[in-house]
Amino acid sequence: MAFSGSNEGKIILFDVDGTLSPSRKTAPPEVLEFLAALRSKVTIGFVGGSDLKKQKEQLGDEVLTMFDYSFSENGLVAYKGEELIGKQSFSSFLGEEKLQELINWILAYLSQITLPVKRGTFIEFRAGMLNVSPIGRNCAQDERDAFEVYDQEHKIRSTMVTEMRERFADLNLTYSIGGQISFDVFPQGWDKTFCLQFLPEFSEIHFVGDKCFEGGNDYEIFMDDRTIGHSTTSPDATMAICKELFDL
């Protein structure tokens, strides 16, 4: 989609969790309506750490036609409209021996910590990363909310990340804390800035995210010289940012 006037050559990228939707919840209808209106004025895309299946759960099954660009797993799975334009493999990058060493260490570490509750799916293998959840991704929403509070006090995720950085320093991995219950592990450079390589035609790239602090999974793209970063606190705040930027 081409735009004339002041928005030609511009694109705005959104994080998903906490930016377009409450964390791991469905985006409200008013946000989806707003995105459709915004798209009539400027090119839009999203870049999230989750896989496309989860993003469809949050944004709708037609997500690839709702956005001009869709970047799952930090852009390691990249779509322009409905066309797949890029895909990377964490397992191929790391190799099976190193991958199993990493997974075995994670499982051993998690077996030694006690939390108020533990559920299932502590490691989720994705195309471009591992997602690690100390409580387990199968937890209920109230358990998810409670873990987020517990983690803020006891630093479960940040402590684990610190130990992994030391233990696996030779693998050149990045550890990114995002959402309520997990963190991502991926090769250096495979953060959300990875998606920017697919946008060479844009002279102005805006990014909106809620984890823009150092260690958050929006930090690298928020700080990148190629983007104009905007920090948000909720879907409502995201819409307010866009209204001001694009005179909606």
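First residue of the sequence shown? That's 113 in my numbering, and the numbers climb one at a time after it.
All residues carry an ideal CB built from backbone N, CA and C; glycine is no exception.
Looking at the structure shown, is residue i part of a helix, part of a strand, or coil, going by DSSP?
i           : result
residue 274 : helix
residue 261 : helix
residue 172 : coil
residue 303 : coil
residue 340 : strand
residue 190 : strand
residue 114 : Confidence is the limiting factor: at residue 114 the pLDDT is only 47, short of 50, which leaves the residue's position unreliable, though a coordinate-based value still follows. The answer is coil: DSSP assigns residue 114 none of H, G, I, E or B.
residue 204 : helix
residue 143 : helix
Give the single residue among the options whose Cα lies nearest to the Cα of residue i.
i           : options               : result
residue 323 : 196, 154 and 343      : 343
residue 208 : 197, 187 and 237      : 237
residue 126 : 360, 340 and 218      : 340
residue 305 : 136, 177 and 183      : 183
residue 156 : 275, 134, 337 and 191 : 191
residue 280 : 245, 216 and 261      : 216
residue 302 : 179, 231 and 206      : 206
residue 332 : 159, 134 and 175      : 159
residue 251 : 124, 173, 136 and 120 : 136
If you measure between the beta carbons of residue i and residue j, is that distance less than 8 Å?
i           : j           : result
residue 309 : residue 284 : no
residue 240 : residue 195 : no
residue 161 : residue 282 : no
residue 128 : residue 167 : yes
residue 321 : residue 131 : yes
residue 327 : residue 353 : no
residue 319 : residue 154 : no
residue 276 : residue 287 : yes
Can you tell me the Cβ-Cβ gap for residue i and residue j, rounded? I've got them flagged as a contact below 8 Å.
i           : j           : result
residue 189 : residue 211 : That pair is no contact at about 18 Å.
residue 360 : residue 150 : 6 Å
residue 233 : residue 256 : Not a contact, Cβ separation roughly 13 Å.
residue 259 : residue 293 : 5 Å
Do we get a CB-CB distance below 8 Å when we pair residue i with the residues of chain C?
i           : result
residue 162 : Of the chains in the structure shown, none is chain C; there is only one protein chain.
Notebook entry, point to check: Does the pairing of the stretch 215 to 233 with the stretch 257 to 269 give three or more beta-carbon distances under 8 Å?
Noted result: yes
Note to self: Quick test of the definition: if touching needs 3 or more C-beta pairs under 8 Å, does the stretch 347 to 359 touch the stretch 135 to 144?
What the structure shows: yes
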